[in-house]
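This report concerns only the one structure given below.
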Ligand code: GLP
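In the UniProt record's numbering, the protein residues as written are 6 to 247.
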């Protein structure tokens with residue numbers, strides 16, 4: 006629990022950079038990082054960009070997998086998670102394009118796209134560190150309530166509350182896609198390490214349910230307690246009911 010989200014994000018950026026550097030990745034042995042979108046990780050990306058520009062880290066041998074993507078938005082759409090990731094991180098660091106993995110929400114074969122993604126994560130040997138956020142209703146990536154602990158990458162219908170929460174990025178709530186592709190809870194739990202960001206009072210209930218209440222699919226965030234090495238990084242307001 007940190008005094009502010011900014012201090013928390015600096016801690017998370019420093020943690021990621023330290024882990025990459027300690028790992029000493031090479032072309033044959035890349036560091037594999039799972040990444041989220043949303044407002045919570047934005048300062049993390051800012052601090053990573055800064056560290057990169059100061060020569061403190063290289064992403065030449067880092068492979069990334071993003072958590073989720075809206076269905077129906079092309080990569081050129083400024084609401085797509087593709088667009089977000091290039092804008093906030095990938096355009097500013099030395100990661101090779103072929104090392105970047107983001108679900109294609111514009112595919113005409115969703116099932117094949119999800120299976121391909123899940124398999125690619127397995128083939129590379131899994132994710133070393135999965136960074137994620139949490140929705141006000143406790144969703145992780147786009148795993149809404151009802152998602153099971155053994156869920157894998159798939160298409161999901163978005164909850165009304167998620168559409169409402171995410172409508173702040175769109176001109177109107179009607180423009181928010183009704184479904185998305187998301188890695189599953191099992192995909193996240195299979196990572197060596199997980200960090201979940203939660204900032205602001207709107208996340209307090211989801212944090213309490215995730216960390217204190219019963220582990221259940223009514224709050225997918227609670228499944229993170231099944232992981233041996235999962236850290237919730239919060240500011241005081243998100244932790245206020247914890
Ligand atoms: C979206 C994303 C999630 C993210 C959540 C919280 O629904 N699909 O991956 O964790 O928003 O985002 P924010 O950090 O903006 O509150």
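Even glycine gets a Cβ: it sits at the ideal position worked out from N, Cα and C.
Any non-hydrogen atom of the ligand SAM within 7 Å of residue i CB
{"i": "residue 178", "result": "Summarising the ligand content, the structure contains the ligand GLP and does not contain the ligand SAM."}
CB-CB length for residue i against residue j, believed under 8 Å
{"i": "residue 140", "j": "residue 170", "result": "6 Å"}
{"i": "residue 137", "j": "residue 146", "result": "6 Å"}
{"i": "residue 108", "j": "residue 123", "result": "The pair is not a contact, with the Cβ atoms about 10 Å apart (cut-off 8 Å)."}
{"i": "residue 184", "j": "residue 76", "result": "5 Å"}
{"i": "residue 142", "j": "residue 164", "result": "6 Å"}
{"i": "residue 22", "j": "residue 56", "result": "5 Å"}
{"i": "residue 72", "j": "residue 39", "result": "6 Å"}
{"i": "residue 70", "j": "residue 126", "result": "6 Å"}
{"i": "residue 197", "j": "residue 134", "result": "7 Å"}
Residue i Cβ short of 7 Å to the ligand GLP heavy atom set
{"i": "residue 7", "result": "no"}
{"i": "residue 35", "result": "no"}
{"i": "residue 146", "result": "yes"}
{"i": "residue 71", "result": "no"}
{"i": "residue 41", "result": "yes"}
{"i": "residue 139", "result": "yes"}
{"i": "residue 167", "result": "yes"}
{"i": "residue 109", "result": "no"}
{"i": "residue 172", "result": "no"}
{"i": "residue 156", "result": "no"}
{"i": "residue 44", "result": "yes"}
8 Å CB neighbourhood of residue i in its chain, flanking five on each side removed
{"i": "residue 120", "result": "158"}
{"i": "residue 212", "result": "139, 203, 226, 237, 239, 243, 244, 246 and 247"}
{"i": "residue 190", "result": "145, 148, 152, 153, 154, 155, 156, 225 and 228"}
{"i": "residue 130", "result": "37"}
{"i": "residue 178", "result": "168, 169 and 172"}
{"i": "residue 7", "result": "13, 16, 238, 239, 240 and 241"}
Cβ neighbour criterion (16 or more within 10 Å) applied to residue i
{"i": "residue 116", "result": "exposed"}
{"i": "residue 234", "result": "exposed"}
{"i": "residue 18", "result": "buried"}
{"i": "residue 231", "result": "exposed"}
{"i": "residue 208", "result": "buried"}
{"i": "residue 43", "result": "buried"}
{"i": "residue 148", "result": "buried"}
{"i": "residue 217", "result": "exposed"}
{"i": "residue 85", "result": "buried"}
{"i": "residue 58", "result": "exposed"}
Bridge partners - residue i, DSSP secondary structure assignment
{"i": "residue 160", "result": "186"}
{"i": "residue 239", "result": "203"}
{"i": "residue 2", "result": "The requested residue 2 is not part of the displayed model; the chain covers only 6 to 247."}
{"i": "residue 73", "result": "187"}
{"i": "residue 67", "result": "36"}
{"i": "residue 105", "result": "69"}
{"i": "residue 145", "result": "148"}
Same chain, Cβ closer than 6 Å to residue i, five either side skipped, listed in chain order
{"i": "residue 80", "result": "87"}
{"i": "residue 49", "result": "14, 17 and 18"}
{"i": "residue 97", "result": "54"}
{"i": "residue 45", "result": "138, 202 and 204"}
Close beta carbons around residue i, own chain, < 7 Å, minus the five adjacent residues each side
{"i": "residue 32", "result": "66"}
{"i": "residue 99", "result": "63, 64 and 65"}
{"i": "residue 166", "result": "141 and 142"}
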